[in-house]
Amino acid sequence: VVDAFPVHGACGAWGLLALGLFGNPDETGGNGALYGGDQIGIQLFAAFMILIWVAPLSIAIMLPLRMVGALRHSDEFQEAGADLMEHSPPKAYSNKQGAIAVS
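Using this note's numbering, you'd call the opening residue of the sequence shown number 1 and step up by one each time.
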């Protein structure tokens, strides 16, 4: 399972900070710290602004959904797996005889 924060949050933050570090004025028009520029401060400020925008909105949306139990599937659904319950496993997991290979 790939969580949303490591993929979108951490990698997005790294992308913001990497530009502030490695932005080459000749190639990207950046002003990176490794090239004597001050872009890293702007990038840090942008990361902070994104955080203070996303965190309260995420809490405002996710907390009520969590309170009513709308963020998780039932135990039976999870036991069977989303592939079997929602998708088309005969196409994805069939062997040559057409049987579903489930481990």
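Beta carbons are placed, not taken as given, at the ideal position from N, Cα and C, and that holds for glycine.
Exposure label - residue i; buried when at least 16 CB within 10 Å
i: G69; result: exposed
i: I40; result: buried
i: G29; result: exposed
i: G23; result: buried
Cβ-Cβ distance between residue i and residue j below 7 angstroms
i: L63; j: Q43; result: no
i: L71; j: L65; result: yes
i: M67; j: F77; result: no
For residue i, the nearest candidate out of the options (CA to CA)
i: I50; options: G9, R66, E27; result: G9
i: L21; options: G32, D83, G81, G12; result: G32
Cβ-based neighbour list, residue i, same chain, cut-off 7 angstroms, excluding 5 preceding and 5 following
i: A46; result: L16
i: I52; result: none
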